[in-house]
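Asks: Counting in my numbering, the sequence shown runs without a single skipped number right up to 178 at its last residue.
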Amino acid sequence: MIPSGLGGAVSTRVSNELGAGHPQAARLAVQVVFVLAVTEGILIGTLMILVRHIWGNAYSNEKEVVNYVAFMMPILAVSNFFDGLQSVLSGTARGCGWQKIGAFVNLGSYYLVGIPAAVLLAFVLNVGGKGLWIGIICALLVQVSSLLIITIRTNWEQQAKRASERVYDAAIPVTMVS
Numbered sequence: 001m002i003p004s005g006l007g008g009a010v011s012t013r014v015s016n017e018l019g020a021g022h023p024q025a026a027r028l029a030v031q032v033v034f035v036l037a038v039t040e041g042i043l044i045g046t047l048m049i050l051v052r053h054i055w056g057n058a059y060s061n062e063k064e065v066v067n068y069v070a071f072m073m074p075i076l077a078v079s080n081f082f083d084g085l086q087s088v089l090s091g092t093a094r095g096c097g098w099q100k101i102g103a104f105v106n107l108g109s110y111y112l113v114g115i116p117a118a119v120l121l122a123f124v125l126n127v128g129g130k131g132l133w134i135g136i137i138c139a140l141l142v143q144v145s146s147l148l149i150i151t152i153r154t155n156w157e158q159q160a161k162r163a164s165e166r167v168y169d170a171a172i173p174v175t176m177v178s
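(1) Closest to G129 by CA distance: which of K100, E62, M73 and Q31 is it?
(2) Just verifying my parser: in three-state terms, what is the DSSP assignment at T46?
(3) Please classify D83 as buried or exposed, where buried requires at least 16 neighbouring CB atoms within 10 angstroms.
(4) Please say whether A77 and I54 have beta carbons closer to each other than 7 Å?
(5) Does the Cβ-Cβ distance between A160 and G135 come in under 7 Å?
(6) Any idea if N106 is buried or exposed, counting beta-carbon neighbours within 10 angstroms, 16 or more meaning buried?
(7) In angstroms with no decimal places, state the Cα-to-Cα distance between A26 and G19.
(8) Suppose you measure from the CA of V167 to the CA of R94; what does that come to, to the nearest Å?
(9) Return the CA-CA distance between A103 and K63, expressed in angstroms with no decimal places.
(10) Which residues in the same chain as S146 place their Cβ atom closer than 6 Å to its Cβ, once the five residues preceding and following it in sequence are excluded?
(11) If the criterion is Cβ atoms closer than 7 Å, does the pair T151 and T92 meet it?
(12) Alpha helix (DSSP H) containing E17: first to last residue?
(13) Mind reading off the beta-carbon distance from V10 to V88? Whole number of angstroms is fine, and I expect it under 8 Å.
(14) Cα separation between Y59 and V32?
(15) Alpha helix (DSSP H) containing E64: first to last residue?
(16) List the whole-angstrom C-beta distance separating L140 from S90, where the pair is believed to meet the contact cut-off of C-beta under 8 Å.
(17) Expressed to the nearest angstrom, what Euclidean distance is found between the alpha-carbon atoms of G5 and V119?
(18) Taking all protein chains shown into account, do 16 or more other C-beta atoms lie within 10 angstroms of the C-beta of G21, making it buried, or fewer, making it exposed?
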């Protein structure tokens, strides 16, 4: 939940800073929130791995269930880490007005990579539940890599100009108001 909040915060902050004509402040906001997401992901992932043999007891007293939860927790920790980065980078995309780019990245990541990888691993290679989750991780890796490359290559000054143009294009001319 923390990365989702960070994604919303960076979306708002980036859009406000770009709209105000402060491209470097928008860039700094992205950098700060990205570092926070990495830190949170490492801390939560470490905690998930450390308590993996205990966590299963919250679901069942059966040894098989507890062992399966312990087996899956490191995979879930990796998934949680990349999902946090994805949340922040998606927030950055929304703040810059790149909703269409974000949609294409999401569709491509999941429908072209994640779902086929999950089906292949789980049902063709008989990896099971672990394979399904690794497919999701593959999609997250493509998603994070794509959004990170786009964000790193962003010309923040040009984004501020585009934000300003969008504001003026959406404004109602004074002569039309009676």
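C-beta atoms are modelled at their ideal positions from N, C-alpha and C, and glycine is treated no differently. All values derive from a computational prediction rather than experimental measurement.
Replies: Quick answer:
(1) M73
(2) helix
(3) buried
(4) no
(5) no
(6) buried
(7) 10 Å
(8) 16 Å
(9) 42 Å
(10) V105
(11) yes
(12) I2 to G19
(13) 6 Å
(14) 36 Å
(15) K63 to G95
(16) At roughly 11 Å, the Cβ-Cβ gap does not stay under 8 Å, so L140 and S90 are not in contact.
(17) 31 Å
(18) exposed
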